[in-house]
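There are 4 protein chains.
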Amino acid sequence: MFETQEEVPEIKERLHRVGITNLRTVARINWKGKLYTFIPTFEITIDVPEEKKGIHMSRLVESITETMSEAVEEEVREAHTSLEELGLAVIKRLEKKHPHKRAEVWVKTQLIMERETPASRKISLETYDVEVGVIKEPDKVEKVLKVTVIGNTACPHAMANNQGKTHIQRAVATLEVRTDYNEEIALEDMIEVVESSFSSPTYTLLKTIDENAVVQKMYSNPKFVEDVAREIIFKAKQKFKGRIHVKVISYESIHKHDVIAETWY
Amino acid sequence: MFETQEEVPEIKERLHRVGITNLRTVARINWKGKLYTFIPTFEITIDVPEEKKGIHMSRLVESITETMSEAVEEEVREAHTSLEELGLAVIKRLEKKHPHKRAEVWVKTQLIMERETPASRKISLETYDVEVGVIKEPDKVEKVLKVTVIGNTACPHAMANNQGKTHIQRAVATLEVRTDYNEEIALEDMIEVVESSFSSPTYTLLKTIDENAVVQKMYSNPKFVEDVAREIIFKAKQKFKGRIHVKVISYESIHKHDVIAETWY
Amino acid sequence: MFETQEEVPEIKERLHRVGITNLRTVARINWKGKLYTFIPTFEITIDVPEEKKGIHMSRLVESITETMSEAVEEEVREAHTSLEELGLAVIKRLEKKHPHKRAEVWVKTQLIMERETPASRKISLETYDVEVGVIKEPDKVEKVLKVTVIGNTACPHAMANNQGKTHIQRAVATLEVRTDYNEEIALEDMIEVVESSFSSPTYTLLKTIDENAVVQKMYSNPKFVEDVAREIIFKAKQKFKGRIHVKVISYESIHKHDVIAETWY
Amino acid sequence: MFETQEEVPEIKERLHRVGITNLRTVARINWKGKLYTFIPTFEITIDVPEEKKGIHMSRLVESITETMSEAVEEEVREAHTSLEELGLAVIKRLEKKHPHKRAEVWVKTQLIMERETPASRKISLETYDVEVGVIKEPDKVEKVLKVTVIGNTACPHAMANNQGKTHIQRAVATLEVRTDYNEEIALEDMIEVVESSFSSPTYTLLKTIDENAVVQKMYSNPKFVEDVAREIIFKAKQKFKGRIHVKVISYESIHKHDVIAETWY
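Residue numbers (this note's numbering), protein chains in the order written: chain P, 1 to 265; chain X, 266 to 530; chain C, 531 to 795; chain H, 796 to 1060.
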C-alpha cells in the first residue's frame, strides 16, 4: 500500500488550511442539563508543511465521527456542553491521529430559542443560524462565535418626510466574536444583542394583537441599517471580550437591491 | 471508436428528458433593431427510446454553440429577435444532428428595462430574471415564458387594525405562460402585468421625492400576497392566451418565514 | 378589530395554494421505537375561495407549532412515527382552525442512515435530504415522498475508447413517489433504490482499503446518467405503487456544465 | 424636507462599510478594442464617521448608474478598458457626490474566453466567474482581482493503490490577488494560471477524440487538491505582485462531502 500523502511534492509550498468541508453528521450536546440532537455541517482543516504532498483525509473524518458517536453514548452526557467544546474535542482526537501545527474545526447549525410574543404572551419558538469555529495555533487556541438573526428596519428618513409613514423591510444581521477559547460567551446572549437592535424582533407565531404590537414597535423605533449596526457593536463591545465583526443587510422593500452596514473592532 | 450510446441497454425504459444543463455561453439577440449580448444559462434535452443506451451529448452542445456563434456574426443581425426564436433555432439545428421525438431548450437570463421614477422622472434601469422554454412534441411546438419581478406588499389587515400603520416588505412574483409557439407574447408585457400588481413597483434609483412617492403609493394600495396573486392572474388571463401559473412570495418583515400565494389556470 | 381576510376581494379569483413557507421549527419523531429530534423546514398551504380576500396565516402557524409541541411531550411518544403522519396531524389540527377545501403540508429535513464501508466494514453515518408532502383534496389524501442521494457516474463511453480509463464524477439523484396516503413506503427503501443505482454508493468515512473497493466498484460498473435514471425507475416501479419521478444530475468532471436524465411514470 | 442622515446619532460608532449590495445593472467595457456589454452585480460602500447618522444611498446608486450610462455612449468607447477602471470611475464620481474617507466598489460578472479543444482543435467558449474590487483608503488605492475556475482532480493516492485506476471529480479553484491599483494584472492571465493547475482543464464542447485526450491527460497528471493549490500559488507568486489567496474545493466522487485546500501569501 502506497502512502502518496507522505511523499515530497515537486512544488514546495506551505498550505495553511487543508481538509474536508460540507460534511453533515449527527451531533449531540448536553446544554444546561438537556440533551439536544442535531445535524450540523462540519469543516475541519490542518496545515501541510512544505515537504509533505498531502494529508490523510480519512483521519479528519474519523476525528469528527468518533467524537460524535462518543457524544451519542448515554454515559458521556456530561461530555460536551457547547459547540466549541465539541470542536475542541475533535481537535484533541485529531492530535493523536495526524501531525499538524494548526487546526481548525467549524460547526454550522441552528439554535432554537423560546420567545414570548409581545401582547398575547404566547410561546413562539424561534430558529437562528449559528456557527462556531475553534482555531488551534501553535501557541494558543481561539474560537469564533457567529450568530445570524432575522429582524427588520423601518426607515427614519422616509418617516420624517412622510408624516409618519415609511418603508419597512426584513433585515438580517450577523454578529461574530473572535476571542480566546476560554472566554465564556453564550450564543444565546449574542443572539439577544442582535435581536434587540432591530426596529423590532420578529416572531414565528403572531396573533392579531401581537402583530399590532410589532407594527407599533417598528414605527416607534425607526432605524437605518446603520443604526442597527451601531447598536449591535456598541452592546457587543460592552458584553463580549474579543474582536467583534458586525454586518447588517436590509432587503429594501422599495428597491430591488439590498442595503448593507458593516463594522468591526 | 466505440459508440456506446448506440448499444441496447440492459434495462429498457424510455427516458423523457436527457441532456445538458447549467451551460453558460454568450448569446446575441436583435431586439427591436438593437443588438443585445448576454450570457444566458441553457438546458437542452431530448427523449431516449427504450432500445438506446444514451445520447450523444456533444451534439446538443454543438447545437447551442453553433446557433450562438451564428447569432454573433454581423450578417445575421436579422436572425434571432427573441429568446424563443433562439431556442427554436437550436432545436432546428439539433434535428439534423441527433434523432429524437421530443426536444426542449430552456434559456435563463436577465432583461433590462428602462423605468421612469414616479416623481423626479429620472430614468432608472431595472433588471428582471426571465426564462424561456421551447418544447417540441411530435405534433406541436409550445413555449413557456417566465418572468420574475421584485415588488412589495403592505398588509391591509395590519393597516386596518393600526390606524394606517402596517408592516411592509419585499415580495417576489413569478408569472409563467405556457402556450403555442406562435402565440405572440412579449416578456416585457408580462413583466408589466406583474410589476403593476404589487403595492408599488420598486426602483433602482430613488431620490427623496421619489422615495416619498413610493411610500405614499404603498400606503394607498395595501395588499395581501393573495391580492397580488389575484391581480396578476386576472390581468394575465385577459392579455395572454395559454396556461397561466402565478406564484408570489412575501418576505415578511414581522416573521422569519415567508408567505406564499399560488394559483394557475 | 377588523378581519380584513373575511372581506370580499375586488378581483374574484380562486387561489389554489396560500400559506406560509420556509418556516423552520423543531420536530420529533418516534421512528421504530427511538425518538429523533430535528429542525425541518415547513410549507403549509390551503385554497382560498373567490369570495374571500385572504387567509388567517397565524392559524396555519399554530397548526404546525401545536402539533410539534405535542410531539415533544413525553406522553405522546406513540403519536408520530413518520414525517407523513406528522404532516397529516398538522392538517387534522388545521381543519378545526380554518375552513378550506384542499390543504398541503410539506416537510423538508435530513435523514441519517448507518452504512457499512465496503472493505473495512466500519460504520459510516450517511446523510440524505428528504421531503414529504401530504396533500388533502376534497375526496382523497395523497402523499409525495422525495429522497435525494449523492452518488457517482463512471462514463462507459470514455471507458470503451480509452482502454479502461474514463472520467468519473459526483452525481445526485432524486426519486419522488406520489401515492395514496395509506400506501406504506419507507424513505429508507427509496434511498436504498437510488443509492444502489449509481456506479457506486458514496461514504463519509473511507479507509484506504475501502477507497480501493469503491474505486474498483466504479470501474467495474460504468454508467451513463441515463443508466442511473433507468435503473432507479425500473426498481422503483417494482417496489413502490404510485406515480414515480426520477431525476439524475451528473457534475461532469470534464465539462463546466452538468448532464441530466429525467423520466417519470 | 428632512435630511435624517445628517443628524448626530445617539450611539456614536464609526462604521467602515455602508452602502448598497446586489445591485444588478448593465455595463460596457472596451476590452482590447472590442465592446462588451454585460450585467454585473455591484456592491459599493463608504465609511460613516461617528457623528453622522447615515449615508445618502441614492448618491451611491447614481455614481454607478451615471458611470454605466456614460460607458454606454459611443463617444466614450475609450473610457473603460477594464473592470477596475470602471470601479475607479464610479469612485471618482462618488467623490463629488458624497464625502467619505474610504470607499469600495465591487463588480461581479462572467468572462468568456475562447479555448481550443485538445484534439479536434475546435473553438470552445468557456465562461468564468470573476470579481474585481477597488478599495480607496485615505492614502492609497488598491484593487482585488478574483477568478473562479472549474477543473478536476484525479487522486494520485488511489491511482498508486489501484494499478492506475483512481477516483476523479470536478474541482473549483479561486485565485485572488490584492495589489496596488496601478499594478497591471489581466484576469485572463489569472484564469490561465488556475486552469493549467488542475489535472486537466475542462471544456464546454468535447468531441469523442477530445474527450479521450482529456481523459488521458487526467490519468497522466494525477493531483491532490493540495497539489492544485500549491501549483496555483507557486505560479501566481512568480507572475503577480501582491497578496495572493488560493482556495480549491474538490467535489469528491467517492464522498458526500467536499475536500478543500487553501493557502495565502
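Ideal Cβ positions, reconstructed from N, Cα and C, are used throughout, including at glycine.
Per DSSP, which residues does P:P99 bridge with? Please list them. Note: P:P99 sits in no beta bridge, so no partner.
Going by beta carbon distance, what residues of the same chain come within less than 8 Å of P:K217, once the five residues before and after it are set aside? The answer, listed in chain order, is P118, S199, S200.
Segment limits, alpha helix (DSSP H) that includes P:V48: No alpha helix (DSSP H) holds P:V48; the beta strand (DSSP E) holding it covers 41–48.
Could you confirm whether any beta carbon from chain C is found closer than 8 Å to the beta carbon of P:E62? Contact of P:E62 with chain C is assigned, a C-beta pair being separated by under 8 Å.
Could you give the residue range of the alpha helix (DSSP H) that holds H:L1000? Note, H:L1000: premise wrong, no alpha helix (DSSP H); not H, not E.
Euclidean distance between Cα positions of X:F489 and X:R380: Those two C-alpha atoms are separated by around 25 Å.
Three-state secondary structure (DSSP) at H:T1040? According to the sequence displayed, residue 1040 of chain H carries His and not Thr. The three-state reading of DSSP puts H:H1040 in strand, counting E and B together.
What residues in its chain sit with their C-beta under 7 Å from that of C:A557, if we drop five residues either side in the sequence? Result list for C:A557: F568, P570, M598, A601, L616, in chain order.
Does the beta-carbon of X:S389, which I'm using as the reference point, lie nearer than 7 Å to any heavy atom of the ligand FAD? With respect to small molecules bound, the structure shown includes none, and the ligand FAD cannot be examined in it.
Are the beta-carbon atoms belonging to C:I762 and C:V724 less than 8 Å from one another? Less than 8 Å separates the beta-carbon of C:I762 from that of C:V724.
According to a CB-to-CB cut-off of less than 7 Å, which residues of the region 103–135 of chain P neighbour chain H? Taken residue by residue, none of the region 103–135 of chain P has a beta-carbon sitting less than 7 Å from a beta-carbon on chain H.
Are there 16 or more other CB atoms within 10 angstroms of the CB of P:P268, so buried, or fewer, so exposed? What the structure shows of chain P is the stretch from 1 to 265, and residue 268 of chain P is not part of that stretch, so it cannot be assessed.
Run down chain X in chain order and give the residues with a C-beta less than 8 Å from the C-beta of P:A158. Ordered by position in chain X, the residues that pass the 8 Å Cβ test against P:A158 are E476, N477, V480.
Any beta-carbon of chain X closer than 8 Å to the one on H:T799? So, not an interface residue.
Counting only beta-carbon atoms, is X:I456 nearer than 8 Å to chain H? No, because no Cβ of chain H sits closer than 8 Å to the Cβ of X:I456.
If the cut-off is 8 Å on Cβ atoms, which residues from the region 548–570 of chain C count as contacting chain P, listed in chain order? Answer in chain order: L553, R554, T555, V556, Y566, T567, F568, I569.
Could you name the residues of chain H that P:P201 contacts, counting a contact when the two beta carbons are closer than 8 Å? Using a Cβ-Cβ cut-off of 8 Å, P:P201 is close to nothing in chain H; its nearest Cβ partner there is about 19 Å away.
Where H:W1059 and H:E879 are concerned, what is the direct C-alpha to C-alpha distance, given to the nearest angstrom? So the alpha carbons of these two residues sit roughly 22 Å apart.
With distance defined between alpha-carbon atoms, name the residue in C:I594, C:H628, C:P668, C:P629 nearest to C:V637. The residue with the shortest Cα to Cα distance from C:V637 is C:I594.
Can you grab the Cα-Cα spacing for the pair C:M643 / X:K504, in whole Å? Roughly 52 Å between the two C-alpha positions.
Is the distance from the Cβ of X:E369 to the Cβ of X:I415 below 8 Å? X:I415 is positioned such that its CB atom lies no closer than 8 Å to that of X:E369.
Hey, is H:K1002's beta-carbon within less than 8 Å of any beta-carbon in chain X? Yes - at least one Cβ of chain X is within 8 Å of the one on H:K1002.
Just to make sure I have the definition right: I need the residues of chain X whose C-beta is within less than 7 Å of the C-beta of P:K226. Which are they? The question names Lys, but residue 226 of chain P in the sequence shown is Glu. Neighbourhood of P:E226 in chain X, by CB distance below 7 Å: empty, with the nearest CB roughly 16 Å away.
Helix, strand or coil at X:A548 [DSSP, three-state]: In this structure chain X extends from 266 to 530, so residue 548 of chain X is not present and cannot be described.
Tell me which residue opens and which closes the beta strand (DSSP E) that C:K542 is part of. Per DSSP, C:K542 belongs to no beta strand (DSSP E) and is neither H nor E.
Keeping to the same chain, check which residues put their C-beta closer than 7 Å to that of P:E50; ignore five residues upstream and five downstream. K12, E13, R14.
Proximal residues of chain X, C-beta to C-beta of P:N162 below 9 Å: E476, N477, V480, Q481, Y484, listed in chain order.
What residues from chain H crowd round X:T330, counting only those whose CB sits closer than 8 Å? Here the neighbours are S919, L920, T999, L1000.
Quick one: what does DSSP say X:T528 is sitting in, helix, strand or coil? Three-state result, X:T528: strand.
Figure out for me which residue from H:P1017, H:N957, H:L920, H:L940 has the closest Cα to the Cα of H:I980. Just measuring C-alpha positions, the residue of H:P1017, H:N957, H:L920, H:L940 sitting nearest H:I980 is H:L940.
Once the 5 residues before and after C:R623 are set aside, which same chain residues still bring their CB inside 7 Å of it? The residues are S593, E596, T597.
Report yes or no: is there a C-beta of chain X within less than 8 Å of the C-beta of H:A966? For H:A966, the nearest beta carbon of chain X is not closer than 8 Å to its own beta carbon.
Work out the CA separation of C:P668 and P:S197 for me, nearest whole Å. So the two alpha carbons sit approximately 46 Å from each other.
For the candidate residues X:Y484, X:T473, X:A419, X:K408, whose alpha-carbon lies nearest to that of X:K506? Cα-wise, what sits closest to X:K506 is X:K408.
Measuring straight from C-alpha to C-alpha, what distance separates C:E605 and C:S612? Below a pLDDT of 50, predicted positions are generally treated as unreliable, and C:E605, at 42, falls in that range; no measurement from the model is reported.
Spell out whether any CB of chain X is found under 8 Å from the CB atom of P:I249. By this cut-off, P:I249 is not an interface position.
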